[in-house]
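Keeping their order, the protein sequence lines are chains A and B.
Sequential numbering of the first sequence, starting at 1, is according to UniProt numbering.
Sequential numbering of the second sequence, starting at 1, is according to UniProt numbering.
Beta carbons are placed, not taken as given, at the ideal position from N, Cα and C, and that holds for glycine.
Predicted model, so just to flag it, every value in this text is computed and none were measured.
Take a look at the structure below.
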Amino acid sequence: MASFIIRRLIALIPVMCIVLVIVFSLVRLIPGDPAVTLLGPGATQAQIDALRAQLDLDQPVVFQFLHYVGGLLQGDFGLSLKTGLPVAQEIVLRLPATIELSVFAVMVAVIFGIPIGVLSAIRPNSLFDHITRVVSLVGVSMPAFLLALILQLVFGTYLGWLPVSGRMSSFITAEHITGFAILDGLLSGDLAATWSAVQHLILPTAVLAAFLAATLGRFVRNTMLDVMGEDFIRTARAKGLRRADVVLNHGLRNSLLPAITVIGLKFAEMLGGAILTETIFAWPGIGRYMFEAIKNRDYPVIQGTTLVFALLFVITSIIVDVLYGVLDPRVRKKMK
Amino acid sequence: MKVWKGFLAAMVALPLVAGNAMAQSAEQLKTLVVAVPSDPVSLEPGTNKAEPVGSEIILNVFDTLVAWTAPDFKDLEGRLATGWTVSADGKQFDFKLRDGVKFQDGTPFDAAAVKFSLERTKATNSYVKATFDLIKDISVVSPSEVKITLTAAYPAFLSILAQPQSAIVSPTAVEKYGDKFAANPVGTGPFVFKSAQADTNVVLEANPDYFRGAPKLSKIIYRVIPDASTRRLELESGGVDIVQQQGQLSAIAAEDIEALKGNKDVKVLETSSQIIRQLEFNNNKKDGPFANVKAREAIAHAIDYDGLLQGVFGGTAERVYGPLTSNSWAFNPKMKELAPAYDPELAKKLLVEAGVDPSSINLKLYSFQGPLWGAVATFVQANLADIGINATIEQTEFPALRALQTSGQFDVALDGRQPWYNDPDAHITIGYLSSLADTAMTFRMPGDKDLDDLIVKAQQTSDMEARKKLYFEVQEEIAKRVPGAYLFSPKLIVFTRANVEGLVVNSAPPLNEYWSVYKK
Chain A
1 MASFIIRRLI
11 ALIPVMCIVL
21 VIVFSLVRLI
31 PGDPAVTLLG
41 PGATQAQIDA
51 LRAQLDLDQP
61 VVFQFLHYVG
71 GLLQGDFGLS
81 LKTGLPVAQE
91 IVLRLPATIE
101 LSVFAVMVAV
111 IFGIPIGVLS
121 AIRPNSLFDH
131 ITRVVSLVGV
141 SMPAFLLALI
151 LQLVFGTYLG
161 WLPVSGRMSS
171 FITAEHITGF
181 AILDGLLSGD
191 LAATWSAVQH
201 LILPTAVLAA
211 FLAATLGRFV
221 RNTMLDVMGE
231 DFIRTARAKG
241 LRRADVVLNH
251 GLRNSLLPAI
261 TVIGLKFAEM
271 LGGAILTETI
281 FAWPGIGRYM
291 FEAIKNRDYP
301 VIQGTTLVFA
311 LLFVITSIIV
321 DVLYGVLDPR
331 VRKKMK
Chain B
1 MKVWKGFLAA
11 MVALPLVAGN
21 AMAQSAEQLK
31 TLVVAVPSDP
41 VSLEPGTNKA
51 EPVGSEIILN
61 VFDTLVAWTA
71 PDFKDLEGRL
81 ATGWTVSADG
91 KQFDFKLRDG
101 VKFQDGTPFD
111 AAAVKFSLER
121 TKATNSYVKA
131 TFDLIKDISV
141 VSPSEVKITL
151 TAAYPAFLSI
161 LAQPQSAIVS
171 PTAVEKYGDK
181 FAANPVGTGP
191 FVFKSAQADT
201 NVVLEANPDY
211 FRGAPKLSKI
221 IYRVIPDAST
231 RRLELESGGV
241 DIVQQQGQLS
251 AIAAEDIEAL
261 KGNKDVKVLE
271 TSSQIIRQLE
281 FNNNKKDGPF
291 ANVKAREAIA
301 HAIDYDGLLQ
311 GVFGGTAERV
321 YGPLTSNSWA
331 FNPKMKELAP
341 AYDPELAKKL
351 LVEAGVDPSS
361 INLKLYSFQG
371 PLWGAVATFV
381 QANLADIGIN
391 ATIEQTEFPA
401 LRALQTSGQF
411 DVALDGRQPW
421 YNDPDAHITI
431 GYLSSLADTA
441 MTFRMPGDKD
451 LDDLIVKAQQ
461 TSDMEARKKL
471 YFEVQEEIAK
481 RVPGAYLFSP
491 KLIVFTRANV
501 EGLVVNSAPP
511 LNEYWSVYKK
């Protein structure tokens, strides 16, 4: 297993190199000049030229690339064109918010999605099955921004139960320990901050989780239906095992394997979906940071955030592969 | 273990927290929450590039020597200066400074601080290079007197001194924090910078020793909310007290403004701006359909200006009659008669006279992105279709459109300008001086000695009455050349919760000062 992980980690290097080249060139293909954006309306050509020189933008692209890679090797992601702050530091500052949001969303999606799929599968075409299928169809097809708007309107503006946006009430000064708001609140024993963080987390989590829960529900239902028709399930039933035993230990366990792939892939996708959700909910994460950077043509930030997203994606897929090994002895054997 | 203890305590105390929320309301009444679309880029005059969020915070944390007087912003008043004189040749400015003012860190304010601040901005802020390079010398006459000498007469210099980039900084704080000054700005203003959290908020607290008297609020929180519909929902649910339109065409749609006007919890403050949005021609082009002034005139007559104001903006924008808005002190009232009227028949006739066959034109109409720009472009497109011109709309992001414009690769574009200092110079010189044709913001005027000389003369004449007359003439001369069709001027709109009082909306720059604001 260890050698498998090491091999996968080594394979990560060429993948990241390719990502790097693609991102670097794509970013420069976006029309528009960062110097123009930065200086805004009213800037003179002389000012724009001066800034271009200052930012190395007048140098050949190959030079810019080598310069960038040289910096990366030393852990230097460059400086944001907009703020002049180190990109690595800015990403580290925002990463906890994104991770907090996506981890909660995955947890919620798994907690709701899998049982719904299982219950639908063991009673196919029942009323429950029909309702959950319609609901999950809506969940899969509804655009995130629309769901976000509806939730904000209902729970934020009309009912006033939950905050419309943000990560913490403006009136609370929370202590910064790990960057994970709920954890920090608990660690510092600040109840108001913890409660505020939980309240603020609910709506964005619901939006991010909805799509995954719906996908997962539909997926688990289908695989469960397949698995429940297999010979070994009939055998298990024939042995006189309890129904719950058959469903959970034999049925679910075998349906979970493909479901883990889906969760892994969707988790990585969710990080991308966070761009929209974070922007709508004013969530100070890395997705929104990237969105702003694209608008501002902030090359180093676009490159840095894309690399981090790519890295998270690759790491998630490694974790999925490892989990496969843990759950399935046949795969474990192959890994060796 | 600690985590679990905390968790347990949290569960037990949840109901108590709810009670705590009630107790906060007194504090909330003294706190103003302002929604802004993004983090401030720079919180100090030495690097600020007129980006709205940072600029507004600067005007609340720092003071300038002079400022425009509320509520109509037509006259300058002294802030850190109590009075000033300008020499007959317009090159020398003598300021008397206010006594007894202290920076927020206790450093006394004096002439040396003025010299230090302005020289610092001149050295570090490329954004104001064009105007600050005019400064030849700043001399400290006495601790309460400072003399600024320019290399050439530039009457708009007083307007420049009212800009955030000209705010006076604490020399001791600059020395103490060095290049971290932007993270620890210290001025003499009504509010003291407290903290900034990336993508989250900026917190200011009242300066009890402010020389005009302590502000009525105890705290301002600028909340960063990037999404326009979220800003609206936060305002409606009371999560923020103020949402600013910032004069941006894409901030909130006209129908949203109507909806908010019907909400009794929200007040809508509207004021005329000096922003101009226009359909501009590439006037430097020697060929193409619009090289002939009659063809340009035809387009100017093809547009249904009042229809645009009512149909697209529902009264949230005003008519522009020429190169200056009607609320500018240099606006020539005659422009109202000279401005082209909507007359498609005349437009068609003019095209014939110009020898242009409209069906031969296949126009690319460039515009910025955003639904409102899209609506304006569609409206103009329909007007052009009425006189037989087929136009396709190309909505482009800001940097890409700028690149096209500076390189001259367009025939017509929808564009605009938001002046940051309250002077006709802000529209006229940059927009129409032919030597600036290739710079970022211009009608790309061709070389034209008469007009160029007139513009420079108007820019440099120090007698304000004579200057006004010159600008009257400039406006008429520009109108004769039909460099574009002036479409509209969006009003500055600020939405506040109904209990917010004392806010005066400034037009150029469109930044609010919160010293006089309070909540009922």
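Inset, instruction - Check A51 of chain B in the structure and name its three-state DSSP category. - result: Strictly speaking, residue 51 of chain B in this sequence is Glu, with Ala absent from that position. Correct three-state label for E51 of chain B: coil.
Legend entry - Exposure of P208 of chain B, with buried meaning 16 or more beta-carbon neighbours within 10 Å: When all chains shown are included, P208 of chain B counts as exposed.
Legend entry - Those residues which DSSP pairs with I221 of chain B across a bridge: Answer by DSSP bridge pairing, in chain order: B:V33 and B:V203.
Inset, instruction - Throw me the rounded Cβ distance for the S507 of chain B and L492 of chain B pair, which I believe falls under 8 Å. - result: That belief holds up - the Cβ atoms of S507 of chain B and L492 of chain B are roughly 6 Å apart, short of 8 Å.
Legend entry - Identity of the residues DSSP links to F211 of chain B by a beta bridge: According to DSSP, which records beta bridges pairwise, F211 of chain B is partnered with nothing at all.
Inset, instruction - Could you spell out the range, first to last residue, of the beta strand (DSSP E) harbouring D94 of chain B? - result: It spans Q92 to L97 - the beta strand (DSSP E) in which D94 of chain B sits, taken as one unbroken run.
Legend entry - Residue ranges of each beta strand (DSSP E) within the segment 101-172 of chain B, 3 or longer: Correct list: 135-142 and 145-150.
Inset, instruction - To the nearest angstrom, report how far apart I202 of chain A and I182 of chain A are at their CA atoms. - result: Approximately 12 Å, taken between the alpha carbons.
Inset, instruction - Tell me, please, whether the CB atom of I275 of chain B is closer than 7 Å to any CB atom in chain A? - result: So no, I275 of chain B is outside the interface.
Inset, instruction - Rounded to whole angstroms, what's the CA-CA distance from V114 of chain B to L162 of chain A? Just pull it up for me. - result: Near 48 Å, if we compare the C-alpha coordinates of L162 of chain A and V114 of chain B.
Inset, instruction - Would you list the one or two residues that DSSP bridges to T442 of chain B? - result: DSSP, once it has assigned bridges, lists no residue as partnering T442 of chain B.
Inset, instruction - Output yes if chain B places a C-beta closer than 7 Å to the C-beta of D56 of chain A; else output no. - result: Not an interface residue.
Legend entry - Interface partners of Q28 of chain B on chain A, CB under 7 Å: Ordered by position in chain A, the residues that pass the 7 Å Cβ test against Q28 of chain B are F171.
Legend entry - Cβ of P399 of chain B within 7 Å of any chain A Cβ: Under the Cβ criterion of 7 Å, P399 of chain B is counted among the residues facing chain A.
Legend entry - Opening and closing residue of the beta strand (DSSP E) in which P490 of chain B lies: Run containing P490 of chain B: G484 to P490, per the beta strand (DSSP E) assignment.
Legend entry - Proximity test, Cβ basis, 7 Å: P284 of chain A and chain B: Yes, P284 of chain A counts as interfacial toward chain B.
Legend entry - Selected residue, minimal CA-CA separation from E397 of chain B, among B:M445, B:Q369, B:T31 and B:N184: The shortest C-alpha separation from E397 of chain B is found at B:Q369.
Inset, instruction - Closer than 8 Å by beta-carbon distance: list the chain A residues that pair up with S328 of chain B, in chain order. - result: Ordered by position in chain A, no residue passes the 8 Å Cβ test against S328 of chain B, which lies about 17 Å from the chain.
Inset, instruction - Please confirm if Q303 of chain A has its CB atom under 7 Å from at least one CB of chain B. - result: Output row for Q303 of chain A: interface = no.
Inset, instruction - Consider the Cβ of N184 of chain B: report whether some Cβ of chain A lies at a distance smaller than 7 Å. - result: Answer no: the Cβ-Cβ gap between N184 of chain B and chain A never drops below 7 Å.
Inset, instruction - Classify D241 of chain B as buried or exposed, calling it buried when 16 or more other Cβ atoms lie within 10 Å of its own Cβ. - result: Buried is the label assigned to D241 of chain B, since at least 16 other Cβ atoms lie within 10 Å of its Cβ.
Legend entry - Rounded C-alpha distance that separates T316 of chain A from A268 of chain A: Rounded to the nearest angstrom, the two C-alpha atoms are 7 Å apart.
Legend entry - Span separating the alpha-carbon of W68 of chain B from that of I138 of chain B: Near 23 Å, if we compare the C-alpha coordinates of I138 of chain B and W68 of chain B.
Legend entry - Residues of its chain near D39 of chain B, where Cβ-Cβ distance is below 8 Å and the 5 sequence neighbours each way are ignored: Cβ within range, chain order: V53, A196, A198, D199, V202 and V224.
Inset, instruction - With DSSP as the reference, label E345 of chain B as helix, strand or coil. - result: E345 of chain B carries a helical assignment under DSSP once its states are collapsed to helix, strand and coil.
Legend entry - Near-chain B residues of the segment 131-152 of chain A (beta-carbon distance less than 9 Å), N- to C-terminal order: Within the segment 131-152 of chain A, the qualifying residues are F145, A148, L149 and Q152.
Inset, instruction - Over the uninterrupted beta strand (DSSP E) stretch that includes I303 of chain B, give me the two end residues. - result: No beta strand (DSSP E) contains I303 of chain B, which DSSP labels as neither H nor E.
Inset, instruction - At 9 Å on the CB atoms, spell out the chain B contacts of residue 339 of chain A, in chain order. - result: Only positions 1 to 336 of chain A appear in the structure, and residue 339 of chain A is not among them; the question remains open.
Legend entry - Exposed unless 16 or more other CB atoms sit within 10 angstroms - verdict on Y289 of chain A: Classification for Y289 of chain A: buried.
Legend entry - For A300 of chain B, the nearest candidate out of B:G484, B:G314, B:S273 and B:A466 (CA to CA): Taking only the C-alpha atoms, the option nearest A300 of chain B is B:G484.
Inset, instruction - Compare the C-beta of M11 of chain B against all C-beta atoms of chain A and say whether one is closer than 7 Å. - result: Its pLDDT being 47, under 50, M11 of chain B is placed unreliably by the model, and the measurement read from it follows with that caveat. With 7 Å as the cut-off, M11 of chain B does not count as an interface residue toward chain A.
Inset, instruction - May I ask you to verify whether the segment 48-56 of chain A touches the segment 302-322 of chain A, counting CB pairs closer than 8 Å and requiring at least 3? - result: The segment 48-56 of chain A is not in contact with the segment 302-322 of chain A.
Inset, instruction - Tell me, please, whether the CB atom of T235 of chain A is closer than 7 Å to any CB atom in chain D? - result: Protein chains A and B are contained in the structure displayed, whereas chain D is not.
Legend entry - Neighbourhood of T121 of chain B by C-beta distance below 8 Å, restricted to the same chain and skipping five residues each side: Within the same chain, P45, G46, V128, F132, Q165 and S166 come within 8 Å of T121 of chain B by CB-CB distance, once the 5 residues on both sides are set aside.
Legend entry - Endpoints, alpha helix (DSSP H) assigned at D321 of chain A: In the DSSP annotation of this structure, the continuous segment of the alpha helix (DSSP H) that includes D321 of chain A starts and ends at Y299 to L327.
Legend entry - Cβ neighbour criterion (16 or more within 10 Å) applied to V243 of chain B: Buried, since its Cβ has 16 or more Cβ neighbours within 10 Å.
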